[in-house]
Amino acid sequence: MNRAELATTVDRLTEDERSYLSAYLRMKERISDTAYAQEMNQRLKAMQHGNEVARDQVLDLHERLSKSGL
Numbered sequence: 000m001n002r003a004e005l006a007t008t009v010d011r012l013t014e015d016e017r018s019y020l021s022a023y024l025r026m027k028e029r030i031s032d033t034a035y036a037q038e039m040n041q042r043l044k045a046m047q048h049g050n051e052v053a054r055d056q057v058l059d060l061h062e063r064l065s066k067s068g069l
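Take the sequence shown: its letter number 45 is residue 44 in numbering that gives the first Met the number 0, and every next letter is one higher.
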């Protein structure tokens, strides 16, 4: 498939399909990004050593950001 055919195909996708495609492409990029893999490993190790965020803290932050319009 050439670029023109690809563009035509993407233009025909629904909003949900484009959203899925966008997430899929981001995931494909991240899989091959060694810096991203290293960062995720560091974050996992930090969480395993107690540097976590509690669910209630996340919900509270979400509520405050939503109220502020973010």
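We put the CB at the ideal spot given by N, CA and C, even for glycine.
Counting along the chain, LEU58 sits inside the alpha helix (DSSP H) bounded by residues 54-66. The distance from the Cβ of TYR35 to that of ARG29 is about 5 angstroms, consistent with a contact at the 8 angstroms cut-off. In the three-state reduction of the DSSP assignment, ASN40 falls in the helix class. Taken through DSSP and simplified to helix, strand or coil, THR13 comes out as coil.
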